[in-house]
Amino acid sequence: MDREAVRRLLADLAAGRIDVDTAVARLRSLPYEDLGFAKVDHHRAVRTGAAEAVYCPGKTPEQVVAILARLAHHHTNVIATRVGGDVATAVAAAGLPHAYHADARLVIVRPERGEGVGLIVVAAAGTADLPVAEEAALVAETLGNRVERVYDCGVAGL
């Protein structure tokens, strides 16, 4: 829930469109929602401007999907990193609107180009660095930035 959502909630309460119990139920997930296996940080976007990213290793595909679904309920551009094929398949099967970038091991749920800060250069020394470099580039682009990629610029490429 972002600041505008809190304002709308309080306005609905003040106008009598919802009762106190309904408002309390909605606020209960602030700032964290406990899924039993993970605490989802719904206020990360308020604090940083971007929703919490989900680091997938160590989580089951079902856990990743549950976390992504809860985040996507409130946010666009929900990012899952180090995504394996099993997680990508589970996200697709769950029907979450997403973009999957296999080479970058990245899933973006509810992708929507943001408003960035300008140009970001992503540089990578060699071939082994390409997945993480492409992950960084795609996240930066999703958040609305222009990205220039400079790959294979390590010692061997000089």
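Residue numbers (my numbering): 687 to 844.
Glycine is no exception: its CB is placed at the ideal position from the N, C-alpha and C atoms.
Since this is a predicted model, take the numbers as computed values, not measurements.
Between the CA atoms of Leu805 and Pro747 - distance to the nearest angstrom:
34 angstroms
Buried or exposed: Thr708, going by 16 or more other Cβ atoms within 10 Å of its Cβ?
exposed
Rounded separation between Asp815 and Val836 - CA only:
For the pair Asp815 and Val836, the Cα-to-Cα distance works out to about 11 angstroms.
On the DSSP letters alone, give me the boundaries of the alpha helix (DSSP H) that Ala752 sits inside.
Pro747 to His760
Select from Asp698, His728, Ala724 and Phe723 the residue whose C-alpha is nearest the C-alpha of Leu716.
His728
Between which residues of its own chain and Glu827 is the CB-CB distance below 7 angstroms, once the five residues before and five after are set aside?
Val833
Taking DSSP's pairing of strands, which residues face Asp720 in a bridge?
Looking at the DSSP assignment, Asp720 forms a beta bridge with Lys725.
So, at 8 angstroms on beta carbons, what are the nonlocal neighbours of Thr767 in its own chain, with the 5 sequence-adjacent residues on each side left out?
Ala739, Val740, Tyr741, Cys742, Arg791, Leu792 and Glu821
Leu721 to His760 span [Cα, whole Å]
15 angstroms
Three-way DSSP call (helix, strand, coil) for Val706 in this model:
Reduced to three states, the DSSP call for Val706 is helix.
Bounding residues of the alpha helix (DSSP H) (the contiguous stretch that carries Arg694)
Unbroken alpha helix (DSSP H) run through Arg694: Arg689 to Ala700.
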